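Counted from 1, the sequence shown has number 39 at position 53 by the working numbering; the numbering is strictly sequential.
Positions of the beta carbon are idealized from the N, C-alpha and C atoms, including for glycine.
For clarity, every value in this text was computed on a predicted model and none was experimentally measured.
Below: one structure, written as structure tokens.
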Amino acid sequence: MTVSSDRSGHEAKDDLARIADALELQNALLLQLVQDQRRQAAREHPDPDHTGPSDHATATDVVDAYGDLYGGSIGWEFDPIDERIDDMGDSR
């Protein structure tokens, strides 16, 4: 293996890591959007005793939808985006 092919392999891994990070962020933002929409729908529901699903239940629904889409079971730890945003920049 030459130095240039080592560099290309390293750059490819870096590119894949950036793509994975972007997809993870996109999925987290999608989950946040779905949770916000469900909370809003619950607030606007005419029955004052009606409650919407919990954030964890919404996350489970989103993960199940991904599993249905991709034809299998996937594991995804519930990790609310607001907690992840709070932790950004704290890894010094």
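(1) Distance check for residue 11 and residue -6, CA to CA, integer angstroms please.
(2) If you check the beta carbons only, do residue 46 and residue 24 fall under 9 Å apart?
(3) Between residue 20 and residue 38, what straight-line distance do the alpha-carbon atoms span, to the nearest angstrom?
(4) Is the distance from the Cβ of residue 16 to the Cβ of residue 48 below 9 Å?
(5) Measure the alpha-carbon distance for residue 30 versus residue 22 and round it to whole angstroms.
(6) Within its chain, find whatever has a CB closer than 7 Å to the CB of residue 28; leave out the 5 residues flanking it on each side and keep chain order.
(7) Near residue -1, what residues of its chain come up, given a Cβ to Cβ distance below 6 Å and the 5 sequence neighbours on each side ignored?
(8) In whole angstroms, what is the alpha-carbon distance linking residue 34 and residue 7?
By the coordinates alone:
(1) 26 Å
(2) 9 Å or more divides the Cβ of residue 46 from the Cβ of residue 24.
(3) 12 Å
(4) yes
(5) 12 Å
(6) 36, 37 and 38
(7) none
(8) 40 Å
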